[in-house]
Amino acid sequence: MTGVPAITRGSTEVPAMRTRLTDLVGCRWPIVQAGMSWASSSAALPLAVSRAGGLGVLAAGPMRLADLRAAIVALRDGTDAPYAVNVPLYRPEVAAVLDLIEELEVPVVIASQGGPRGHVERFHAAGRVWLQVVASVEHARKAEDAGVDGVVAVGVEAGGHPAPTEVTTMVLTRAVVRAVDVAVVASGGVADGAGVVAALALGADGAQLGTRFLCTPEASLHARYKELVLETDIDGTTLLGRGGLPVRVVANQLVRRYQALPAGSDAAAEVAAEATLRQAALDGDVEGGKVEAGQSAGLLTDLVPAGEVVERLVAEMQVAVTRLSALVLPGEAAPAPAAAVAAP
Numbered sequence: 001m002t003g004v005p006a007i008t009r010g011s012t013e014v015p016a017m018r019t020r021l022t023d024l025v026g027c028r029w030p031i032v033q034a035g036m037s038w039a040s041s042s043a044a045l046p047l048a049v050s051r052a053g054g055l056g057v058l059a060a061g062p063m064r065l066a067d068l069r070a071a072i073v074a075l076r077d078g079t080d081a082p083y084a085v086n087v088p089l090y091r092p093e094v095a096a097v098l099d100l101i102e103e104l105e106v107p108v109v110i111a112s113q114g115g116p117r118g119h120v121e122r123f124h125a126a127g128r129v130w131l132q133v134v135a136s137v138e139h140a141r142k143a144e145d146a147g148v149d150g151v152v153a154v155g156v157e158a159g160g161h162p163a164p165t166e167v168t169t170m171v172l173t174r175a176v177v178r179a180v181d182v183a184v185v186a187s188g189g190v191a192d193g194a195g196v197v198a199a200l201a202l203g204a205d206g207a208q209l210g211t212r213f214l215c216t217p218e219a220s221l222h223a224r225y226k227e228l229v230l231e232t233d234i235d236g237t238t239l240l241g242r243g244g245l246p247v248r249v250v251a252n253q254l255v256r257r258y259q260a261l262p263a264g265s266d267a268a269a270e271v272a273a274e275a276t277l278r279q280a281a282l283d284g285d286v287e288g289g290k291v292e293a294g295q296s297a298g299l300l301t302d303l304v305p306a307g308e309v310v311e312r313l314v315a316e317m318q319v320a321v322t323r324l325s326a327l328v329l330p331g332e333a334a335p336a337p338a339a340a341v342a343a344p
């Protein structure tokens, strides 16, 4: 599945932006919607993103096999565009999940929380693409050695489970780009088209956005969850569980209880362990549950359909590319207007 299809709107054919990512998976734009437990654990969000030209990602993590099957079928039947399934490899029944993904001919696998060795060759034989989520240069190199097609480098700004080392997306992306020869997707802190272009300027082949897609009608989250994310400023999230496997969450009553206890204590660990993402995501308990979101929450102002989010991102990318193309180094001639990104 190589080559980049053109976008057709009415009678106007608009060429897509070409990067190693778009060539690899066949999406129109170098925009990946992050696989987020509960938020994209149904077909609605990834379907809307893929239809708009990004790479929509179904989050298999919390899904029962029957529900996962139904969602994949809905994606397969709902669009000719590529889509992906995110699979946490630590999941006990991961073998059955991978069997199902292979059976239903999912075009792209995005694996996280476990090593890809032993899986990649099987999916390559079936003509599938495998991307691996990494949080360090070491893990990126190991993933490349295992034969993956690309890596998603997640910096500390990201919601959910960022790197315990707390390296920022800007530094991590640049380091990973310099360390591996496979496609690289930058993730963490990206909320608009300028952020996508910044990732490309660092040498990445695309950008993954999670928090931006939380705030869409298609995200399968309680309304209170989305409202709280939109109310959160850039300094309104924190890492819960530093020193172990931290989770970036919105500061709420749970976080205040946790921070009131001695750092690293058993009592603090118990408070963090007793709260779940499901409490907030499905039940709407945004004070006692884990409201996972990235620092980019502070850059969001509204809740809009996922397809419109993609269109906005593309328009913002055009503005950013045009601005950069107008910059002239001393002694250099002014470049021709950039044509890398076509207007939506």
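Counting from 1, one number per residue, gives the positions in the sequence shown under our numbering.
A virtual CB, placed ideally from N, CA and C, is assigned to each residue, including glycine.
None of the values given here were measured: they were computed from a predicted structure.
Mapping DSSP to helix, strand and coil, what is Ile110? strand
C-alpha distance - Gly147 paired with Phe123, whole-angstrom precision: 11 Å
So is Arg248 buried or exposed if we call it buried at 16+ other beta carbons inside 10 Å? Burial is judged here by how many other beta carbons sit within 10 angstroms of a residue's own beta carbon; Arg248 has at least 16 and is buried.
So does the segment 197 to 217 actually touch the segment 254 to 273, counting three or more Cβ pairs closer than 8 Å? no
Per DSSP, Arg248 is paired with what? Residue pairing for Arg248: DSSP places it in a beta bridge opposite Gly160, Leu239.
Following the continuous alpha helix (DSSP H) through Val314, name the residue where it begins and the one where it ends. 306 to 325
Quick one, which of Gly243, Val108, Arg128 has its alpha-carbon nearest Ala263's? Closest by alpha carbon: Gly243.
Suppose you measure from the CA of Asp269 to the CA of Ala280; what does that come to, to the nearest Å? Here residue 269 turns out to be Ala, not Asp, going by the sequence shown. Cα to Cα, the separation comes out at about 19 Å.
Put Val134 into one of helix, strand or coil per three-state DSSP. strand
Can you tell me whether Ala6 is helix, strand or coil according to DSSP? Its pLDDT being 35, under 50, Ala6 is placed unreliably in this model, and the coordinates cannot settle the point.
Within 10 Å of its beta-carbon, does Ser11 have 16 or more other beta-carbons around it, so buried, or fewer, so exposed? Low confidence applies here, because Ser11 scores a pLDDT of 28, under 50, leaving its location unreliable and the question unanswered by this model.
Across which residues does DSSP place Ser187 in a beta bridge pair? Val154, Gln208
Give me, in chain order, the residues of the same chain whose beta-carbon lies closer than 6 Å to that of Asp233; leave out the 5 immediate sequence neighbours on both sides. Gly298
Distance CB(Val271)-CB(Val32) smaller than 8 Å: no
Euclidean distance between Cα positions of Ala251 and Met63: 27 Å
Length of the line joining the Cα atoms of Arg174 and Gly236: 26 Å
Looking only at DSSP bridge pairs, what is Asn31 linked to? Correcting the residue type first, residue 31 is Ile in the shown sequence and not Asn. For Ile31, which the question treats as bridged, DSSP gives the partners Ala207.
How is the alpha helix (DSSP H) around Tyr90 delimited, first residue to last? Neither: Tyr90 is in no alpha helix (DSSP H) and is coded neither H nor E.
Count the other CB atoms within 10 Å of the CB of Pro305; is the residue buried (16 or more) or exposed (fewer)? exposed
For Ala70, which three-state DSSP category applies? Here Ala70 carries a helix assignment [DSSP, helix/strand/coil].
Quick check on Ala326: buried or exposed, where buried means 16 or more other Cβ atoms within 10 Å of its Cβ? exposed
Distance, Thr211 Cα to Gly26 Cα: 24 Å
Over the uninterrupted alpha helix (DSSP H) stretch that includes Val57, give me the two end residues. Per DSSP, Val57 belongs to no alpha helix (DSSP H); it is in the beta strand (DSSP E), 56 to 59.
Any non-hydrogen atom of the ligand NAD closer than 7 Å to Gly298 Cβ: The ligand NAD is absent from the structure shown, which contains no ligand whatsoever.
Could you tell me the alpha carbon to alpha carbon distance between Gly331 and Asp99, rounded to whole angstroms? Taking the straight line joining both Cα atoms gives about 58 Å.
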